[in-house]
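Enquirer: Got a structure here, written out as structure tokens. Questions coming.
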Amino acid sequence: MPPLPKEHGAWVMLSVPLLLGAWDVHAALTPTFLLIVATLAAFCAQNLVRLWLRKRTSHRDLGWLALFAVIGLASIAPLLLQVPRWQDFAVLGGVAVLFLAVQGVLLLIPARKRLDRSLWGELAAIPALTLPGPAACALAMPLGTKALVVWGLSIAFFASGVFAVKLVLASARFRKGLTNKERWGIGWPHVLYHALLFVGLLLLRSPWLGLAFLPALIRAVLTYVQLDGKLPPLKKVGMREAALALWFGIIATLAL
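According to our numbering, the stretch in the sequence shown is residues 6 to 261, in order.
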């Protein structure tokens with residue numbers, strides 16, 4: 006078996022924006038399928054590159070990397086013949102490489118010297134992982150406002166999840182509970198982000214978007230006020246985040 010990415014949240018970040026974008030522009034089935042295959046192949050390939058950067062690969066893994074590259078190219082080549090502007094996919098690919106390169110640089114920094122490497126590294130990866138959203142929009146029309154809206158909403162939603170999960174993990178250092186000062190010390194980025202997100206949603210004045218983000222905002226508040234230093238089962242956390250993402254994807258289609 007190939008070494009597949011173990012981050013379940015990353016799989017969700019790829020899938021929900023892609024399906025949201027494809028649904029929004031009523032993309033045809035064949036190019037959508039080709040985009041899904043190309044996206045999954047690229048995701049698996051970049052995972053192997055990351056492992057290589059951290060010197061955790063074997064010679065067999067290079068074979069898997071070559072296979073994923075072939076699958077990706079075999080999918081993207083016919084896809085480019087069916088889309089309005091193939092140049093849009095070149096732009097999106099370049100943006101993805103840029104963001105993943107930033108994350109790769111963070112991975113190369115020795116762990117003891119990295120500052121909040123997990124939080125900021127995952128936040129840097131979100132714009133790349135959610136690019137299938139605007140790519141799906143480009144299946145039926147040139148890149149424009151609609152693609153940017155799908156991308157921006159996806160980034161905003163999944164960043165919320167990263168802030169929440171990393172806050173819970175950070176609180177595990179305080180096994181005897183947290184004082185208000187300690188809670189704020191590790192939680193202020195979480196609070197600031199969600200305050201800005203809430204204000205942004207108010208300015209958009211879209212009831213459907215508000216409803217799409219509502220469970221995530223409630224989760225954000227409960228995560229902060231209920232911090233107790235106890236680490237919940239990570240499987241349960243992952244299932245919760247997947248359910249929130251599914252809700253967001255379904256309701257957001259009504260807003261776009």
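No residue lacks a Cβ here, since even glycine has one placed at the ideal position from N, Cα and C.
What are the boundary residues of the alpha helix (DSSP H) that residue 245 is part of?
Expert: Residues 239-260.
Enquirer: Taking all protein chains shown into account, do 16 or more other C-beta atoms lie within 10 angstroms of the C-beta of residue 244, making it buried, or fewer, making it exposed?
Expert: So residue 244 counts as exposed.
Enquirer: Helix, strand or coil for residue 233 per DSSP?
Expert: In the structure shown, residue 233 sits in coil (DSSP, three-state: anything other than H, G, I, E or B).
Enquirer: Would you identify the three-state DSSP class for residue 151, choosing helix, strand or coil?
Expert: Residue 151 falls in the helix class under three-state DSSP.
Enquirer: Excluding sequence positions up to five away, which residues of its chain have a Cβ less than 6 Å from the Cβ of residue 250?
Expert: Within the same chain, residue 250 has close Cβ partners 17, 21.
Enquirer: So within the segment 190-234, which uninterrupted beta strand (DSSP E) runs reach at least 3 residues, ignoring any that extend past its ends?
Expert: Those beta strand (DSSP E) runs which fall completely within the segment 190-234 and span 3+ residues do not exist here.
Enquirer: Let me check understanding here. Comparing Cα to Cα, which of 226, 217, 236, 247 lies closest to residue 258?
Expert: Of the listed residues, the one whose Cα sits closest to residue 258 is 217.
Enquirer: Hey, could you find the ends of the alpha helix (DSSP H) residue 22 is sitting in?
Expert: Run containing residue 22: 13-30, per the alpha helix (DSSP H) assignment.
Enquirer: In this structure, how does DSSP classify residue 135 when only helix, strand and coil are distinguished?
Expert: Residue 135 falls in the coil class under three-state DSSP.
Enquirer: Count the other CB atoms, across all protein chains shown, that sit within 10 Å of the CB of residue 190; report buried if there are 16 or more and exposed otherwise.
Expert: Exposed: under 16 other Cβ atoms inside 10 Å.
Enquirer: According to DSSP, simplified to helix, strand and coil, what is residue 182?
Expert: Coil.
Enquirer: For residue 242, collect the residues of the same chain with a Cβ closer than 8 Å to its Cβ; drop the 5 residues on either side in sequence, then sort them by chain order.
Expert: Only 170, 173 meet the Cβ criterion.
Enquirer: Given a cut-off of 8 Å on the beta-carbon distance, is the pair residue 77 and residue 43 in contact?
Expert: The answer is yes: Cβ separation under 8 Å.
Enquirer: Runs of 4 residues minimum, wholly inside the segment 27-103: which ones carry the alpha helix (DSSP H) assignment?
Expert: Listed in chain order, the complete alpha helix (DSSP H) runs (minimum 4 residues) inside the segment 27-103 are 34-58, 64-85.
Enquirer: So for residue 143, helix, strand or coil by DSSP?
Expert: DSSP places residue 143 in coil when its eight states are reduced to three.
Enquirer: For residue 224, which residues of its own chain have a beta-carbon under 7 Å away from its beta-carbon, when the five flanking residues on both sides are left out?
Expert: Within the same chain, residue 224 has close Cβ partners 169, 249.
Enquirer: Shortest alpha-carbon distance to residue 53 belongs to which of 134, 85, 73, 41?
Expert: Closest by alpha carbon: 73.
Enquirer: Give the single residue among 166, 214, 210 whose Cα lies nearest to the Cα of residue 196.
Expert: Answer by Cα proximity: 166.
Enquirer: Tell me the DSSP secondary structure of residue 169 in three-state form.
Expert: Here residue 169 sits in helix by DSSP.
Enquirer: Which whole-angstrom value describes the C-beta separation of residue 222 and residue 199, a residue pair presumed to lie in contact below a C-beta threshold of 8 Å?
Expert: So it is a contact: roughly 6 Å between Cβ atoms.
Enquirer: Counting Cβ pairs closer than 8 Å, one from the segment 33-50 and one from the segment 149-163, do we hit at least three?
Expert: Touching, no.
Enquirer: Report yes if the CB atom of residue 39 is closer than 8 Å to the CB atom of residue 137, and no otherwise.
Expert: Contact: no.
Enquirer: Given a cut-off of 8 Å on the beta-carbon distance, is the pair residue 29 and residue 209 in contact?
Expert: Contact: no.
Enquirer: Can you tell me whether residue 228 is buried or exposed? The criterion is at least 16 other CB atoms within 10 Å of its CB, across all chains shown.
Expert: Flag for residue 228 reads buried.
Enquirer: In chain order, what residues of the same chain have a beta carbon less than 7 Å from the beta carbon of residue 19, not counting five sequence neighbours either side?
Expert: Closer than 7 Å at Cβ, skipping near neighbours: 44, 48, 134, 137.
Enquirer: Nearest to residue 15 by CA position, among 235, 204, 130, is which residue?
Expert: Nearest of 235, 204, 130 to residue 15, Cα basis: 130.
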